[in-house]
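Asks:
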Amino acid sequence: MAREQWGSRIGVILAVAGSAVGLGNFLRFPGQAAQNGGGAFMIPYFVSLLVIGIPLGWAEWTMGRYGGIRGFNSAPGVFSVIWRNPISKYFGSFALLIPLVIYMYYVVVEAWCLGYAYYYLTGELTSLSGGAESYSGFFDNFTGADEHGALFADGGQPLLLFLIVTIVVNFCLIYRGVSKGIETFCKFAMPLMVICAICVLIRVLTLGTPDPEQPDRSVLGGLGFMWNPDYAALSDYKTWLAAAGQIFFSMSVGFGIIINYSSYMRKNDDVVLSSLTAGSMNEFFEVCLGGLITLPAAFIFLGVAAGDFGTFGLGFNALPNVFAAMPAGRAFGFLFFFMLFLAAITSSLSMLQPVIAFLEEGFGLKRRASAALLGLISMLGVGFVLYFSQASLAMGIFDFWVGTTLIFILAMIQTFMYGWIFGIKKGEIEAHRGAHMRIPRFVQYVLKYIAPTYLLVIFIGFCWQNLFSHEEDPFQTEASFRSALDDGTVPESLQAEFVKNEKKLPDDFVVSPLEGDAGWAIHSPDGLPDFKL
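Read in order, the letters of the sequence shown correspond to residues 6 to 538 in this note's numbering.
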């Protein structure tokens, strides 16, 4: 069977950029920046980009092409060529598991985007009344967030229909192969995404001050809310952890995707410039488009409350409120969610291809058989995500253990393999084969010493923060707070202290003293104690 290859250099660049550009650029990045110091977040963000993003991208492109010209396209095969040890192929299996499991829940979110684009096109979403609660209720009902198994009961069929359409599109494209399927679609989808994003961006930046009675809720106010730096956040380890995690999602490093995609390149294809170009395109989508659209638009209409929404809440609950209040909101709502759908589908295609390559290479299956088998395997995981949909339980489990934890592990494995097994001297020679620009020499030492150390520190901090219990008092309130409290509503000053310590209290909670001057209790309106101070 003839070896698959990319049809053109621009094709592979757009495909790799498409794998990186996704929901994280337009939903995850703005929320992460706003919650971690605004403009100050960009300092650890660019440090992570320079220490692990760009260097690890070059390493993956180099190792992938090296294995590809020796006849291997799957990560286990590429790893076995680089490290002549039987254990290497088992490390390579992480690069199959990660994209496969992420696909199982990512394709569901992809269907959400398609559904929202359709409902904006038909006007159903713009016709809702009741404000934020109605959009939240629509989202919960559409995604089955209220109850496990709700999507398989009456009323859950709309999402299932959009999911079927999404999966069919994915597998039709992946069946057509690397050049005729993935490359052709990305050549069409990436420019269309730019057009849609720029149309929405222009509309957001020309909103001015929609409500003259609230002059702070303006375009400049929204940009300030997103980008004004809070340098105190730099002393918080979570800020650096969030920045490193965002780079993984931004650049698609540590996923096993770049190694697979670059394995279809020819011997003298330029991996240095291609990697840098694909990464630059991703940063343009993330910083210049995602950072200027989503959160600033939400702030203009919702104020500081926009920062309280999570990734999905920002996209599927907050933004519908924005489009409802925006002139021509129906059209721009459609453009935005259609753009998200295109971004998601270029990413989900990249998650299928590494496993397809392994089934073809490891088991000798033809394209049709490997696509059918992969479809069956992935549907089992998708069904699990759909059934355990209450509060996105299954999605959260998959994302934490595979979409976050295992990515850190694979990234550390790949830096170790490149720097200490493949060797930075050999890596430098291979990277510059056919290259039109040179990688600075110090980058090789970054890959061998600094990047693994940086990743290890980040991973240890991630484990400490997420895998160990820290059940202590969330904070100690100042004496001035305690002396000011009485049996009334929680004052704004104490609310702000809770927010700073990542706890949000509704305004109707009350505070009462405990017996024996033992402190204070925060009560919900029904009288049940929720916190003790």
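By construction, the Cβ of each residue, glycine as well, lies at the ideal position given by its N, Cα and C atoms. Keep in mind the model is a prediction, meaning the values are calculated, not measured.
Less than 8 Å between the beta carbons of P35 and M231, yes or no?
Replies: Their beta carbons are under 8 Å apart, which means P35 touches M231 by this criterion.
Asks: Can the beta-carbon of D151 be found closer than 8 Å to that of Q470?
Replies: Taking 8 Å as the Cβ cut-off, D151 and Q470 do not qualify as a contacting pair.
Asks: Comparing C-alpha positions only, which one of G226, V258, G334 and T410 sits nearest to I57?
Replies: Nearest of G226, V258, G334 and T410 to I57, Cα basis: V258.
Asks: Alpha carbon to alpha carbon, how far is G161 from L297?
Replies: Those two C-alpha atoms are separated by around 34 Å.
Asks: Do you know offhand how far N273's Cα is from C468's?
Replies: Distance between the alpha carbons of N273 and C468 is about 41 Å.
Asks: May I ask you to verify whether the region 135 to 150 touches the region 435 to 454, counting CB pairs closer than 8 Å and requiring at least 3?
Replies: No: fewer than three Cβ pairs fall under 8 Å.
Asks: Does the Cβ of F219 have 16 or more other Cβ atoms within 10 Å, making it buried, or fewer, making it exposed?
Replies: Per the sequence presented here, residue 219 reads as Gln, with Phe not at that position. That one is exposed.
Asks: What are the boundary residues of the alpha helix (DSSP H) that includes L101?
Replies: Its alpha helix (DSSP H) spans residues F99 to T127.
Asks: Any idea if A436 is buried or exposed, counting beta-carbon neighbours within 10 angstroms, 16 or more meaning buried?
Replies: Per the 10 Å Cβ criterion, buried.
Asks: Looking at the unbroken alpha helix (DSSP H) that takes in P388, where does it start and where does it end?
Replies: This sequence places Gly at residue 388; Pro is not what is there. Start and end: R372 to Y392.
Asks: When we look at the beta-carbon of G16 and count the other beta-carbons within 10 Å, is it buried (16 or more) or exposed?
Replies: When all chains shown are included, G16 counts as buried.
Asks: According to DSSP, is M356 part of a helix, a strand, or is it coil?
Replies: Note: M356 maps to helix in three-state DSSP.
Asks: Nearest by alpha-carbon distance to E288: which of V199, I414 and F314 is it?
Replies: With distances taken between Cα atoms, E288 lies closest to V199.
Asks: Less than 8 Å between CB atoms is the rule here; does R446 satisfy it with respect to chain C?
Replies: Judged by its chain identifiers, the structure shown contains no chain C, having just a single protein chain.
Asks: Run through DSSP, which three-state label would L164 get?
Replies: Correct three-state label for L164: helix.
Asks: Between which two residues does the alpha helix (DSSP H) carrying A45 extend?
Replies: Careful: A45 lies outside any alpha helix (DSSP H) and carries neither H nor E.
Asks: Please look up how many angstroms separate the CB atoms of G295 and Q40, rounded, as I've assumed it's under 8 Å.
Replies: With a Cβ gap of about 15 Å, G295 and Q40 do not count as contacting.
Asks: What residue from P49, F306, V106 and R373 has the CA that sits closest to F403's CA?
Replies: Checking every option, the nearest Cα to that of F403 belongs to V106.
Asks: According to DSSP, is K272 part of a helix, a strand, or is it coil?
Replies: It is coil, neither helix nor strand.
Asks: Out of G261, V205, D159 and L102, which one is the CA nearest neighbour of F343?
Replies: Among G261, V205, D159 and L102, the Cα nearest to that of F343 is on V205.
Asks: Can you tell me which of the three DSSP states F147 falls into?
Replies: Three-state DSSP puts F147 in a helix.
Asks: Helix, strand or coil for G424 per DSSP?
Replies: Three-state DSSP puts G424 in a helix.
Asks: Could you pull the start and end residues of the alpha helix (DSSP H) that N471 belongs to?
Replies: Per DSSP, N471 belongs to the alpha helix (DSSP H) from A456 to L472.
Asks: Pull up the distance between the alpha-carbon of T189 and that of R89, whole angstroms please.
Replies: About 36 Å.
Asks: Let me confirm a value: C446 is counted as buried when at least 16 other C-beta atoms fall within 10 Å, else exposed. Which label applies?
Replies: Per the sequence shown, residue 446 should be read as Arg rather than Cys. R446 is exposed by the Cβ-count criterion.
Asks: State whether the region 315 to 323 contacts the region 134 to 144, with contact taken as three or more CB pairs (one from each stretch) at a distance under 8 Å.
Replies: These segments touch.
Asks: Please report how far the alpha carbon of S53 lies from the alpha carbon of Y111, in whole angstroms.
Replies: Computed Cα separation, rounded: 24 Å.
Asks: So G136 and N326 are in contact, right, with Cβ under 8 Å, and what is the actual spacing, rounded?
Replies: With 8 Å as the limit, G136 and N326 qualify as a contact, their Cβ atoms being about 7 Å apart.
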